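In this note's numbering, the protein residues as written are -2 to 385.
Where a beta carbon is used, it is the ideal one built from N, C-alpha and C, also for glycine.
Nothing here was measured: the structure is a model prediction, and the numbers come from that model.
In what follows, a structure is listed as structure tokens, so that the remarks can point back to it.
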Amino acid sequence: MKKQVILKKNEEKRILGGHQWVFSNEVSTVHGTPGIGDIVELLRNDQKFLGQAFYHPHSLIACRLLTTTQEEISFKFFEQRIQQAFKLRQRLYPDAQSFRLVHGESDFLPGLIIDKYNEFFSLQVLSAGMELWIDTICDVLEFIFHPKAIIARNDVQIRVLEGLTIEKKILRGNAGITILDENGIKFELDILQGQKTGFFLDQRENRRTIQKYVTGCKVLDCFCNEGGFSLFAAKAGAASVKGLDISEPAITKAKVNSRLNNVGAEFESIDTFEALKQYYIEHRHFDVIILDPPSFTKSKKNIQSALRGYQELNTAALRLIQPGGFMASASCSHHISEDSFLYTIEKAALKLNRKIQLVEFAGASADHPVIPAMPETKYLKFAVFAVQ
């Protein structure tokens, strides 16, 4: 008997519109007893074929669409999808050796993240179905790229929702250190131990954007991680740069990267909220402050708490910025809408009787494409404000 998932009446509209998830409450019946991660035929309520999908009987996301055709899911399927993603990145960044190669649903490979760092590849698998194809995906990467190593960075809590283990390990080859060159700034990467999948590639364009605002300025980079915005600010001729992050390993690597680029940025391991409070007490001020915090919420139920956190953070930063200065503020939670994010910053400014002007607004770099029909694929918000 075929493994099939049949939707309730009219629940196919989102899928036909370009969304790739079927939620558990949209399923009418299941045939063939598919197991966790199995590939099923997805059918409308009238039995018309919609596509093939990964199935998960115990997840809120019951089906993740793989294809709208009846093609065989095999090595060739994954090779074609990854080659298609690679071709796009070559057009976007023809001279780059490091970029996000596959961005999950946005590259029509649900639950799969692949980052390329020179000859090293970092994988993150977020769906049980894709986990069953890891060996095939590694085979494809070896066939196309002949990498030095393929590393699994599956140390994210969201895997628990799919019944997957949290882990990081070497899948193929030998892990090592590599030097990422991003628009002339160098970063030393330890892909097995670094942040996220090795580096925050999604801020690529935004790190370069900040350079136009910092020449001759006193810059504070909050949640600086391994020095990304700090180093771009220093290279652009900032008068001084101070980077803050609570992570000691991140600060240690930021100092390594500062020496690698021969710039004089200063870094400190400290809680950013506490540091901003102390700077206010000490009457310390800055011309430019950059806020790039980790996500304040991973679920809808914590949105209001997250918005209060963003307001507190932006308020603390705004009161330290000199008139005529700039604040760059980011949010990486897709649960926080653009309107809510901007309104929260506006409220922070009103609270302090400061006037702000939005001069830049962007999302993630182009190698993190967005599917218009899937709001879940649009997550990063990056705003630059002139502050009076």
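Counting the other CB atoms within 10 Å of its CB gives residue 211 a total of 16 or more, which places it among the buried residues. Taking a C-beta distance under 9 Å as the contact criterion, residue 140 and residue 76 qualify as a contact pair.
A straight-line Cα-Cα distance of about 46 Å links residue 379 and residue -1.
In the three-state reduction of the DSSP assignment, residue 43 falls in the coil class, being assigned neither a helical nor a strand state. With contacts defined as CB atoms closer than 9 Å, residue 100 and residue 82 qualify as a contacting pair. Per DSSP, residue 79 lies in no beta strand (DSSP E) segment; the continuous alpha helix (DSSP H) that holds it begins and ends at 72 to 89. Its chain contains 380 as the residues whose beta carbon lies nearer than 6 Å to that of residue 358, once the 5 sequence neighbours on both sides are disregarded; these appear in chain order. With a cutoff of 9 Å on beta-carbon distance, residue 241 and residue 272 are scored as near each other.
The three-state secondary structure of residue 323, taken from DSSP, is strand. Bounds of the beta strand (DSSP E) holding residue 166 are 164 to 170. When only Cα atoms are considered, residue 344 and residue 239 end up about 26 Å apart.
When DSSP states are grouped into helix, strand and coil, residue 368 belongs to the coil group.
By the neighbour-count criterion, in which a residue is buried when 16 or more other Cβ atoms sit within 10 angstroms of its Cβ, residue 321 is exposed. Taking residue 3 as reference, the option from 264, 52, 148 and 64 with the minimal CA-CA separation is 52. Residue burial annotation: residue 365 is buried, with at least 16 other C-beta atoms found within 10 angstroms of its C-beta. In the DSSP assignment, residue 270 falls within the unbroken alpha helix (DSSP H) covering 269 to 278. In the three-state scheme derived from DSSP, where H, G and I count as helix and E and B as strand, residue 250 is classed as helix. Taking a contact to require three or more Cβ pairs closer than 8 Å, the region 197 to 211 and the region 151 to 158 do not qualify as touching. In the displayed model, residue 151 falls within a strand according to three-state DSSP. For residue 287, DSSP records a beta bridge to 218 and 325. For residue 68, the secondary structure class from DSSP, reduced to helix, strand or coil, is coil.
For the 9 Å CB-CB criterion, residue 329 and residue 218 do not form a contact. For residue 298, there is no enclosing alpha helix (DSSP H), as DSSP marks it with neither H nor E. Going by beta carbons, residue 187 and residue 236 fall outside the 9 Å limit.
In this structure residue 342 touches residue 311 by the C-beta definition: roughly 5 Å separates them, less than 8 Å.
Residue 307 sits in a helix when the DSSP states are folded into three classes.
Residue 291 sits exposed, since fewer than 16 C-beta atoms from the chains shown fall within 10 Å of its C-beta. In the three-state reduction of the DSSP assignment, residue 50 falls in the strand class, which pools E and B. By the neighbour-count definition (other C-beta atoms within 10 Å, threshold 16), residue 108 is a buried residue. With a cutoff of 9 Å on beta-carbon distance, residue 259 and residue 229 are scored as not near each other. When secondary structure is reduced to three states using DSSP, residue 360 falls in the coil class, being assigned neither helix nor strand.
Residue 9 sits away from residue 371, with the two beta carbons spaced by 9 Å or more. In the assembly as shown, residue 249 is an exposed residue. Its beta-carbon has fewer than 16 other beta-carbons within 10 Å.
Excluding the 5 residues flanking it on each side, residue 367 has same chain C-beta neighbours closer than 6 Å at 374 and 375, in chain order. Minimum Cα-Cα distance from residue 327 among the listed residues 317, 318 and 308 corresponds to 308. Straight-line spacing of the CA atoms in residue 127 and residue 263 works out to 42 Å.
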